[in-house]
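Student: Once you've had a glance at the structure underneath, I'll fire off some questions.
There are 2 protein chains.
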Amino acid sequence: MSEIAAAEPWAVRELGLPESAAALRQAESVFALANGHIGLRGNLDEPHPDGMPGTYLNSLFEERDLAYPEAGYAFPERTETIVNAPNGKPIAVTVDGEPLDLRSGTLHRHERVLDLRRGVLTREAEWTSPGGVAVWLRSERLVSFTRPSVAAIRYTLRADAELRITSSLVVNEDQPAPSDDPRASAVIHRPFRAVSHDRDALVHRTRRSDLPVAAAVTHTGPPGEIETEPDRIRWTTTGRGEIDFEKVLAYRWNGDGLRDEAVADRDAAARDGFAVLADEQCAYLEDFWRTADVEVDGDPEIQQAVRFGLFHVLQAGAQAGPHPIAAKGLTGNGYDGHTLWDTETFVLPVLTYTHPACVGLALRWRHATLAAARQRAAELCLAGASFPWRTISGPECSGYWPAATAALHVNADIADAVRRYHAATGDDDFMREAGREIVEETAALWAEMAYLDDAGAAHIAGVTGPDEYSALMDDNLYTNVLAARNLRLAGRHDLADRLVMRYDERLEVHQQAYGFTRLEEWDFGADHDYPLMLGQPYLNLYRKQVVKQADLVLAMVIAGDLFTAEQKRRNFAYYEARTVRDSSLSAPVQAVLAAELGHLSRAYEYLAEAALLDLRADGEASGDGLHIAACAGAWIALVMGFGGLRDHDGELSFAPRLPPALPRLRFSVRWRGGSLRVTVTRDSVTYVAHDDLVAFKHCDREVKLPAGESVAFALDPVTDLPAPQTPRPPAPRPPMSRAAT
Amino acid sequence: MSEIAAAEPWAVRELGLPESAAALRQAESVFALANGHIGLRGNLDEPHPDGMPGTYLNSLFEERDLAYPEAGYAFPERTETIVNAPNGKPIAVTVDGEPLDLRSGTLHRHERVLDLRRGVLTREAEWTSPGGVAVWLRSERLVSFTRPSVAAIRYTLRADAELRITSSLVVNEDQPAPSDDPRASAVIHRPFRAVSHDRDALVHRTRRSDLPVAAAVTHTGPPGEIETEPDRIRWTTTGRGEIDFEKVLAYRWNGDGLRDEAVADRDAAARDGFAVLADEQCAYLEDFWRTADVEVDGDPEIQQAVRFGLFHVLQAGAQAGPHPIAAKGLTGNGYDGHTLWDTETFVLPVLTYTHPACVGLALRWRHATLAAARQRAAELCLAGASFPWRTISGPECSGYWPAATAALHVNADIADAVRRYHAATGDDDFMREAGREIVEETAALWAEMAYLDDAGAAHIAGVTGPDEYSALMDDNLYTNVLAARNLRLAGRHDLADRLVMRYDERLEVHQQAYGFTRLEEWDFGADHDYPLMLGQPYLNLYRKQVVKQADLVLAMVIAGDLFTAEQKRRNFAYYEARTVRDSSLSAPVQAVLAAELGHLSRAYEYLAEAALLDLRADGEASGDGLHIAACAGAWIALVMGFGGLRDHDGELSFAPRLPPALPRLRFSVRWRGGSLRVTVTRDSVTYVAHDDLVAFKHCDREVKLPAGESVAFALDPVTDLPAPQTPRPPAPRPPMSRAAT
């Protein structure tokens, strides 16, 4: 039986073999390795019928048609789906002629460890075959942060028997059928046609999108036989007692001469060997953690989870440029491998303050898709650019427009990510070459969408905000506020100033959208299964006051300067009572505002819900990939929530307040040329600047801290205020088994 | 070249052979023959590559899956599509071995006449073959109103040559590919599997829906050879000089023993022969026209069109029970053969006052689908019954829920048709056995949908009204008003009285829905192709003040007693300026209110637009079937518009006013046991009661008119008021060629 072991500060450890298909697939996601460019799901080395094989090359997708029961003008006709790329992971073993299948015989020990400082996944197993042969195996796997095209495996097998190892690179392997869940991916079977094959590499093209890919493989160690065919390279070695080898993979899928480039990358990596690759990996991560790490005293699970989350955010983004950072990173095929607004709104803020280089590249990717966004705007009879709700290479890939095309806020989210990145880094080249145009084109879209009423107030009608249990509303406050900021960035202050924030004078709360607060209340007394969308028609969800995920609350976080404290307090209580958190994007945002308003225990619960989402033992929703935005959410809840980080108006500010359970929080923020280490305790906060002077605000007090200096402030004692009512209490801590290690 | 000849009062005549595929298909719809039970498109006898073969048996459908790019809870998974049933029309000819193909050789004359009093389609052609043989042919075709399962053809061919005639009954024939238009039907190829075949009949079942159908055929006249195979019965005769024969078809597709029943029906009809069938047809129609005819002096085209429309409404409804009356009747496969709200709102009112027997049956069909409607309501987590937006046998078949499932008004439309039918006929058996339950179950739906605000006013949120360029609005006035009436019918007066009618105090007009009047105006100055939906995304249509079709205006017609004259005037002017009539359901309604408000010439223009829609020479939109609701629309515009018929509160009332162009209008209305003939001239109106006393109102004056008596009233002179501005002027009279006859 598989258990996630007790939380360790720098590792995720699994004991035993996952028992169910769901648990196996969750583990494949949790133990996925990626560098933003290539990603290997944490499949077992040897074949397993319940697994979902996954090797993803960023933006290597196949096209397929979208069919509608009733078509409509400008409904996208094609979509893009990430494909399972040539898979270099399979290593099959026989022991005295018996296949190594850990489900048979006796499994004495099976342990996998993801080391967050080394960036290596290690596996060890002790097993007795049905025929009575005792076997010991160990494998290590890495996807190199420093060599974007390279992955490597080191494999050792010991048994007093005749051993036979068949290690493969395989293309067009069988894929399990997709689930019925609307959020699942389509599965494209046999996506590749063969172009060439030899002992070193396979070259293929996707059948319809016609994208080329070259995959090279080599094995070092004992002598072996190589067989090659169009969809497979197979290396076989035999021996007795012990076999020890290294397998190096290299992928190329952009440009010309791909085969030779892949072979050259492979050769360089194989020449250096696994140990060198692992050392490079370790050094890269040491550099990352130096200015990205978050230390949490008092809660080992949160400590582990925030590092796990940051590690996966890094794995999603590190070498993603010039490609996008997808909602699942490269950990699974969920959402078809698409990139959504999650990236700009949840993932890029974290990377902006921890690893800004890849943020510039991610936004340059958006800029590279501007032609498609302009074309989409023209299709929609709008001006400027309309970025897609879901895409891989740029075109709109979403097939349900009320929750996609109508969610135009993605454009303002992108513009705001540009603003944040530029403010935090001062990267003027980026702004001149890419950012400025994004801001102007999205502002042009808002200028077209907005209209003035007779009183001169501006409105945006018929759009969908972050809350997907409402749709096609007028004056969604989040959209209006972000659009106004987008317009101001483009210098269109007059229109920006006119955009309304709807307020219900009777209830004294802002309206999520025009009329929202007078809709029928949802009957939270009735029994409901969550997420509601799987058992309730949109017809009911849309017409009632039930909120899928933070919407107005997100506006109060991102644009908190537009609200008074009293408004925030009243608004939060009102929407908290109507928000069911059926999206993983919700809890981190609610955590931040709850912390700001002094509902510290509630914030802490939401932090845990977000942080442990993908690690929890019942995390079946992670089977088709991790929620990278929720991975970022742990950082958001801790740093923006308990650290009180805000970045309104291009200024960095902090207002720390810890929940009762946490005695100490330490995090770092990259800002311009420097970085700031912030250490929060119950009664004080200490800021230390590194590398360069850092200017920021502590609770409205301006601070300019030269490199190497520190400043400390006493913190007023905080009262943990009772939290507002919520229809769906924060998830209890998941059953994370405390297995003996 | 094909031309519709000058309007004749009782016939539609085509001269020449349609030149384009579009014109051919339009003619196939115009010349379709049906009795509500079976329908034969007006295909030529001999094969033509551009035609769309169509033989429809009411409710003989195939199922197919609906696929969604992004599925949602309670999205229908299956739909139903009318299939092209066993086709008994084909008659192929060779003349001295040359095929009779009127596109070759020389066509001297080709004429088709649909005789609206005889119910027979006659065709004559004079043609010289490429080989120089002069040929004369004549065919007559009827679908019997009196024998629901029977159709018959009489065919004569003359030429001084060797003649060979092959007459077929054919199953699974090839169908042309569907167009890209979202309103077009799916085409199901080869929908049948064979069950049995013999010289007399073919028995098949649809492959997936597994519905049985038996088709029998016989030929009388000269001796012939019969060949039979699973998908075909072929009768061949040869001769010289002249061949004259009759072909009788009979179809059965409900119950057991279908083959023998079909053969028996066929035998009885063949024994009587075509002449007897034609006499019965004539007698049936004489009876119909006696109390249904509308006479229009001063406009031969309108005169023809209103009779053509009534004839097709009768063809759609006469023998439809126990099946539904589809939006295209049985004239084509448009809308997949589905029944929509058109039936209850446009077609049944006309039949209620002209041929009420089939209205009771049509509503009993709705009642028979109540189990499906209850199940649908439960699926939607609602109470009572939710009738489908589109269906053949009962389940929801629509795949775009914002304009379908959300258009819950269809439930109130059905309830209102129940109310109207019962008020007009006093059919208490129907009410007890079917009507009452429909009313109660739909009222239960509204009781669930409606909610009370703090002030005690009731609202219905998130629904779509008749205007499909708005969706998911709150308090759609049409829906609220019809739902209130539905609730009152069920005795739920308190809730009914609370439902709001939204009013814009500033503009002094009612709001089509909450907030509608403050949305952005549509830019009608820009060039637009109509219908807008083919070139504009819903995203733009929904968020602006552009109205596809009468919505609030329809409410002011159906529930006109809820509005003051001044409100009607202001509302009409406001919505007239924003309504583009992209639905054929719009013009008749606008005609009625325009007439009531004294915009008589505008009403007359809208009458023409509606009445001539399917007859106009450029009527390509009729290729996949006639718009049966628009056929009803001519009657609606004349009788409700210029006759001023209303039926609020179960009372029949009239307020006649003729437009300047029409000196006289005469129509009849069936009411309870009697009928009322109404003759309107410029200065007077005369009412004559037949069969029974008729109670009605003339311009607020109560009249009780015994059978056989008449009463006349002087009419005040009317002023033809200037019409409000409209963005899309009424269609000019179509180019109906005045060919010499």
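Residue numbers (my numbering), protein chains in the order written: chain A, 1 to 741; chain B, 1001 to 1741. Just so you know, even glycine gets a beta-carbon here, dropped at the ideal spot from N, CA and C.
Quick one: is THR464 of chain A near chain B, going by C-beta distance under 7 Å?
Tutor: It does not: the Cβ of THR464 of chain A has no partner Cβ on chain B nearer than 7 Å.
Student: Take MET640 of chain A and list the residues in its own chain whose beta-carbon comes closer than 6 Å to its own, dropping the five residues that flank it on each side.
Tutor: VAL592
Student: When we look at the beta-carbon of LEU452 of chain A and count the other beta-carbons within 10 Å, is it buried (16 or more) or exposed?
Tutor: exposed
Student: Expressed to the nearest angstrom, what Euclidean distance is found between the alpha-carbon atoms of ARG1738 of chain B and PRO1395 of chain B?
Tutor: A caution first: ARG1738 of chain B carries a pLDDT of 35, below 50, which makes its placement in the model unreliable, though a value can still be read off. Cα-Cα distance, rounded: 46 Å.
Student: Going by DSSP, what residue range makes up the alpha helix (DSSP H) through TRP289 of chain A?
Tutor: 274 to 292
Student: If I measure Cβ to Cβ from TRP1365 of chain B and keep anything under 7 Å in the same chain, skipping five residues before and after, which residues do I get?
Tutor: GLY1321, PRO1322, HIS1323 and PRO1324
Student: Tell me which residues share the same chain as GLN725 of chain A and place their Cβ nearer than 6 Å to its Cβ, disregarding the 5 neighbours each side in the sequence.
Tutor: ALA577
Student: Hey, out of A:VAL347, A:PHE346 and A:ALA316, whose CA is closest to GLY332 of chain A's CA?
Tutor: A:ALA316
Student: Any beta-carbon of chain B closer than 7 Å to the one on TYR574 of chain A?
Tutor: So, not an interface residue.
Student: Quick one: complete beta strand (DSSP E) runs, 3+ long, within the segment 201 to 239 of chain A?
Tutor: 201 to 206, 212 to 220 and 225 to 229
Student: Kindly indicate the opening and closing residues of the alpha helix (DSSP H) around THR558 of chain A.
Tutor: Strictly speaking, residue 558 of chain A in this sequence is Ile, with Thr absent from that position. Residues 552 to 558.
Student: Please state whether the Cβ-Cβ distance between ALA1385 of chain B and ALA1377 of chain B is less than 7 Å.
Tutor: yes
Student: Could you tell me which chain A residues have their CB closer than 9 Å to the CB of ASN1540 of chain B, listed as they occur along the chain?
Tutor: LEU380, CYS381, LEU382 and GLY462
Student: State yes or no: is the C-beta of VAL1313 of chain B within less than 7 Å of the C-beta of GLN1303 of chain B?
Tutor: no
Student: What residues in its chain sit with their C-beta under 6 Å from that of ALA632 of chain A, if we drop five residues either side in the sequence?
Tutor: VAL313, PHE346, VAL347 and VAL350, listed in sequence order.
Student: What does GLY399 of chain A touch in chain B if you count any residue whose Cβ is under 9 Å from its own?
Tutor: In chain order: TYR1068, PRO1069 and GLU1070.
Student: Residues of chain B with CB closer than 9 Å to the CB of GLN175 of chain A, please, in chain order.
Tutor: Those do not exist, as GLN175 of chain A stays about 19 Å from chain B at its closest Cβ, beyond 9 Å.
Student: Compute the Euclidean distance between the alpha carbons of LEU1211 of chain B and ALA1186 of chain B, then round it to the nearest angstrom.
Tutor: 19 Å
Student: When DSSP builds the beta bridges, which residues end up paired with LEU57 of chain A?
Tutor: A:ILE38
Student: Report buried or exposed for SER684 of chain A, applying the criterion of at least 16 other Cβ atoms within 10 angstroms of its Cβ.
Tutor: With fewer than 16 other Cβ atoms within 10 Å, it is exposed.
Student: For the beta strand (DSSP E) that THR686 of chain A lies in, which residues bound it at each end?
Tutor: 684 to 690
Student: Let me make sure I understand the geometry here. Which of B:GLY1039, B:GLY1643 and B:MET1501 has the alpha-carbon closest to that of VAL1294 of chain B?
Tutor: B:GLY1643
Student: Thinking LEU1652 of chain B and PHE1696 of chain B are a contact (beta carbons under 8 Å), I'd like their distance in whole angstroms, please.
Tutor: 4 Å
Student: Could you have a look at GLY1105 of chain B and say whether DSSP puts it in helix, strand or coil?
Tutor: When secondary structure is reduced to three states using DSSP, GLY1105 of chain B falls in the coil class, being assigned neither helix nor strand.
Student: Taking buried to mean at least 16 other C-beta atoms within 10 Å of its own C-beta, is VAL580 of chain A buried or exposed?
Tutor: buried
Student: Using a Cβ-Cβ cutoff of 9 Å, what residues of the segment 312 to 340 of chain A are near chain B? List them in chain order.
Tutor: none
Student: Can you find a CB in chain B that lies within less than 7 Å of the CB of THR442 of chain A?
Tutor: no
Student: In or out: ALA67 of chain A buried (at least 16 other Cβ within 10 Å) or exposed?
Tutor: exposed
Student: In whole angstroms, what is the alpha-carbon distance linking LYS1544 of chain B and LEU1472 of chain B?
Tutor: 13 Å
Student: Nearest chain B C-beta to PRO727 of chain A closer than 7 Å, yes or no?
Tutor: no
Student: Spatial neighbours of ALA404 of chain A within its chain, please: CB distance less than 6 Å, with the 5 preceding and 5 following residues excluded, ordered by chain position.
Tutor: Residues of the same chain with a CB within less than 6 Å of the CB of ALA404 of chain A, apart from the 5 flanking positions on each side, are TRP389 and SER398 in chain order.
Student: Closer than 8 Å is the cut-off here; do at least three beta carbon pairs connect the segment 1143 to 1159 of chain B with the segment 1070 to 1077 of chain B?
Tutor: no
Student: Residues in the segment 401 to 416 of chain A with C-beta within 9 Å of chain B's C-beta atoms, listed in sequence order?
Tutor: TRP401, PRO402, ALA403, ALA404, THR405, ALA406 and LEU408
Student: Would you call the segment 1334 to 1342 of chain B in contact with the segment 1691 to 1711 of chain B, where contact means no fewer than 3 C-beta pairs closer than 8 Å?
Tutor: no
Student: Using a Cβ-Cβ cut-off of 7 Å (strictly less than) and excluding sequence neighbours within five positions of GLY1435 of chain B, which residues of its own chain qualify?
Tutor: These residues qualify, in order along the chain: LEU1363, VAL1418 and HIS1422.
Student: Tell me whether SER1768 of chain B is buried or exposed, calling it buried when 16 or more other Cβ atoms sit within 10 Å of its Cβ.
Tutor: Coverage of chain B is limited to positions 1001 through 1741, which leaves residue 1768 of chain B absent and any answer about it impossible.
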